[in-house]
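Worksheet: the structure to be examined is printed underneath.
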Amino acid sequence: MEFLSDIASLINSTLRISTPLVFAAMAGIFAERSGVIDFSLEGKMLMAAFVAAVGSYYLGNPWLGLLLAIIVCVCLSMLHGFASVTHKGDQVVSCVAINILIIGLTTALAAAWFGQAGLTPTLNEDQRFLEINLPFADVLREVPIIGIIYSDILSGHYVFVYLAYLSVPIVFWIVFKTSFGLRLRAVGENPSAVDTAGINVFTMRYKALAVNGVLIAFAGAHLSTAVNANFFREMSAGRGYLALAAMIFGKWHPKTALIACLLFGFTDALQIRLQGVELPAIGEIPVQLIQALPYILTVVLLAGFVGKAIAPNAIGQPYIKER
Amino acid sequence: MSNIVVDKSKVPWWVSNVIVPLVNLTLALLVSGLFIFIAGENPIEAVKLIIFGSFGYIQGFAYTLYYTTNFIFTGLAFAVAFHCRLFNIGGEGQAYIGGLGVFLVAINLSFLPIPIVWLLSICGAFLFGAAWAYIPAYLQSKRGSHVVITTIMFNFIASSLMIFLLVDVIRDTNQMAPHTVKLPEAIWLPSFEAFSGILGIKIRYSPLNLTFLLAIASLFFVWFLVWKTKWGYEMRAVGHNTQAAIYAGISPHKNIIIAMCISGGLAGLLGVNEILGVSHKIQAGFPAGYGFTGIAVALMGRNHPIGILPAAFLFGILYQGGSEVTFEMPNITRYMFVAVQGLIILFSGALENLFRPQIESFFVRRLSKEVSV
């Protein structure tokens, strides 16, 4: 029975830890399917975390914090678009610039406004998101199997966890079943053909980036107003890059990207549990090695030991309209 | 906006290579001033402090040149890879591992004649840095894993690896803090204090040391390598047009590996400055963001050694002057200058074409008027 509840709590934390990755991977799918590289997921997630924490601290409502984070992230996405779509600057350079700018700015402003440690004030219960207990979770807990699945795994998460997994089928539907999605994918594969069909390539890419900004804001808000009750320096800790790797591993497809995100989440959940544990035959693994596991996994997955990933055809290339 | 068509052949070199970058830099600094204002301090006072801190006294100036040394290495590191169209943003990790190379060579071979120890330590730094860049290069070329993600991951992995080594393997067991023992004093690189004594200037302490000359030599090395050798030519050919390079019989795989290894090696040389020159031991996290700043330095210097030298010096001023600012202004932390770097990358890298057409056409019109008069 103890074994079962261990498994249940491992799955439970996998779902929670994967949440920001899922949002970020979905955000990445929108940008990259439209032909715009987005390494700036990392920076935007960090910015969203900062804005959401500061916003809900001052406004007293986490939803308003989230709203502010969405606005700021969409602005950052527009900045990326302005540099790389309108002015045809290098997309990777633009992303690197945004990431470094945000790492510096968030910590600098947090330190200037709230003191040298670069932390935002701890949010109280009204200012942050709380865990949601699904109806009848307490009653059903005693039922074998169903009780564990419903009460221990599915219930008791933050709202973002449910939204993240809900976003996957929605993104799938938008990208593959609507005319917007068809245009989106076409812009990323063959922009000049889309242009010939009378669709504005630039507008499409800006729209894709706007959706990208909205989605990534959820990832940041999850970090600073749900899982944690404040913002701290570099709290995104490479999750933007992990999500991007998951998306590439998932071949720019929501369903497979979700699986990759869950794999990352599981590794992370496992590494927390493995710290300080004596393994049979190996002994205790150094904690630094365990902590590096998600990053090592990223490299291994990207190396494509499971098959080569094929990116959208026009990715990374600014579209230049012929005259 | 983009309707302005400029005949590129009529644009004088100094307009596109000096005026435009200066305009972009000015824009970045103006926005930085705005951020300093938002943080609740006076930007003009901050500029005064920066200038005083970096030029106002001899020790401050020595610090400026010490930072410049680090930025030359990491700036060159980014630039070399960039000529092959590779974004090596792993300078941070490569420098960290390069430091390990310096230390291992220096501590194990310290019985050799001193100049040989220095030479071998420099080789150690270069090789360790290069080795850390080799794996991302290999994965990029053979498996198509994007070098940006792999090098970032290698930064995280390098950090974990080094902390593990510092805590469990090479820690100075007489200390609680995770750092190694100090290298024997005989093999420390001579610092600026020693020279200034000869010149009759007395300063208490400066981290500036002989590595500065190594940095200047590296500028020449990179210039020669990239523009004057067959390797450099092939590397740039792969960067400009991989397909054309393949037709010309140039192997992209070989050149990606070479470019990344030289890039990683140059980043590794930062370890020479930090370990053989300044702290004489490995401390946790000693690359302290220099690797990332190298990106800004290289982009501002347009990836050319002639541009990287002034760009590295400018960042030296920002770092040294910036520490004066953080000391005097309670609301400004060193992270504000990380944000400034981001802005400089944004304006001189991603948005470099923001005003280029307008500026170039302005000068072309003026110059052609002068000729016709």
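Protein chains in written order, with this note's numbering: chain V, 1 to 323; chain R, 1001 to 1373. Note that CB positions come from ideal geometry on N, CA and C, so glycine has one too. Fair warning: this is a prediction, and the values are worked out from it, not measured in the lab.
Measuring CB atoms only, is the segment 1041-1053 of chain R touching the segment 1097-1113 of chain R, in the sense that at least three cross pairs come out at less than 8 Å? no
Practice problem: Measure the beta-carbon distance from V/Leu134 to V/Leu154 and round it to whole angstroms, keeping in mind my assumption that it falls under 8 Å. | Solution: 6 Å
Q) Would you say R/Leu1351 reaches chain V, if we count a Cβ-Cβ gap shorter than 8 Å as a contact? A) yes
Report task. Report yes or no: is there a C-beta of chain R within less than 8 Å of the C-beta of V/Ser84? Result -> yes
Report task. Would you mind listing the alpha helix (DSSP H) stretches within the segment 1287-1346 of chain R that are 4+ residues and don't spill past its ends, in chain order? Result -> 1290-1300, 1305-1328 and 1335-1345
task: Just the C-alpha distance for R/Gln1094 and R/Ser1121, rounded to the nearest angstrom, thanks.
output: 15 Å
Which one of V/Ile29, V/Ser94, V/Gly65 and V/Ser13 has the shortest CA to CA distance from R/Leu1299? V/Ser94
### Message
Short of 9 Å Cβ to Cβ, which residues in the segment 1312-1343 of chain R face chain A?
### Response
Reference to chain A is not applicable here, since the protein chains of this structure are V and R.
Check: Is the segment 1219-1229 of chain R touching the segment 1303-1322 of chain R, taking contact as three or more C-beta pairs under 8 Å?
Finding: yes
### Task
For V/Lys321, I'd like the list of residues in its chain whose CB is within less than 7 Å of its CB, leaving aside the five on either flank, ordered along the chain.
Asp195
Have a look at V/Phe3 and V/Pro294 and give me their C-alpha separation to the nearest angstrom. 24 Å
Rounded C-beta distance between R/Ala1296 and R/Phe1313? I'm assuming under 8 Å. Actually they do not touch by this definition, with Cβ atoms about 13 Å apart.
Quiz item: Closest Cβ-Cβ distance between V/Tyr295 and chain R: below 8 Å?
Solution: yes
- Message: Here's a check: name, in chain order, each residue in its chain whose Cβ is nearer than 7 Å to the Cβ of R/Pro1136, leaving out the five neighbours to either side.
- Response: Gly1090, Val1147, Thr1150, Thr1151, Phe1154 and Met1260
*Please name the residue, chosen from V/Asp38, V/Asn190, V/Phe129 and V/Ala246, that lies closest to V/Leu21 on a Cα-to-Cα basis.*
V/Ala246
Practice item. Evaluate R/Gly1249 with the Cβ neighbour count: other Cβ atoms within 10 Å of its Cβ, from every protein chain shown; 16 or more gives buried, anything less gives exposed. Key: exposed
message = I need the straight-line Cα distance from V/Trp173 to R/Ser1016, nearest angstrom please.
response = 47 Å
CB contact check: V/Ile216 to chain R, cutoff 8 Å: no
Review point. Whose C-alpha, out of V/Gly181, V/Thr120, V/Thr225 and V/Met45, is nearest the C-alpha of V/Val72?
Key: V/Met45
Original post:
Just reading off the alpha helix (DSSP H) that V/Asp138 is part of, what are its end residues?
Top reply: Ala137 to Leu140
query: Would you say V/Ala303 faces chain R, with C-beta separation under 8 Å as the test?
result: yes
Specify, as a first and last residue, the run of the alpha helix (DSSP H) that V/Phe172 falls within. Val159 to Lys177
Problem set entry | Which listed residue (R/Gly1040, R/Val1364 and R/Phe1156) has its alpha carbon closest to that of V/Ala108 | R/Gly1040
Query raised in the report: Counting contacts by CB-CB distance shorter than 8 Å, is R/Phe1164 in contact with chain V?
Result: yes
Can you list, in chain order, the residues of its chain with a C-beta nearer than 6 Å to that of V/Asn313? Leave out the 5 residues immediately preceding and following it. Glu189
**Prompt:** With a cut-off of 8 Å, does the C-beta of R/Thr1242 fall near any C-beta of chain V?
**Reply:** no
Do the CB positions of R/Gly1289 and R/Leu1210 come within less than 8 Å of each other? no
Suppose you measure from the CA of V/Ala229 to the CA of V/Arg239; what does that come to, to the nearest Å?
18 Å
| Quick one: is V/Gly265 buried, meaning 16 or more other Cβ sit within 10 Å of its Cβ, or exposed? | buried
message = With distance defined between alpha-carbon atoms, name the residue in V/Ala269, V/Thr178 and V/Val74 nearest to V/Lys207.
response = V/Val74
Margin query: Under 8 Å, Cβ to Cβ, is there at least one residue of chain V near R/Val1148?
Written below: yes
### Alpha-carbon to alpha-carbon, R/Val1222 and V/Phe231
42 Å
Status (buried if at least 16 other CB within 10 Å, exposed otherwise) for R/Met1001: Residue confidence is low: R/Met1001 scores 44 on pLDDT, short of 50, so the model does not pin down where it sits. Its coordinate-derived value is still stated next. With fewer than 16 other Cβ atoms within 10 Å, it is exposed.
Notebook entry, point to check: In whole angstroms, what separates the C-alpha of R/Ser1110 from that of V/Glu32?
Noted result: 52 Å
Assumed close pair V/Phe23, V/Val211 - CB separation to whole angstroms, cut-off 8 Å: Wrong, their Cβ atoms sit about 12 Å apart, outside the cutoff.
- Query: Which residues bound the alpha helix (DSSP H) around R/Gly1053?
  - Reply: Pro1043 to Phe1055
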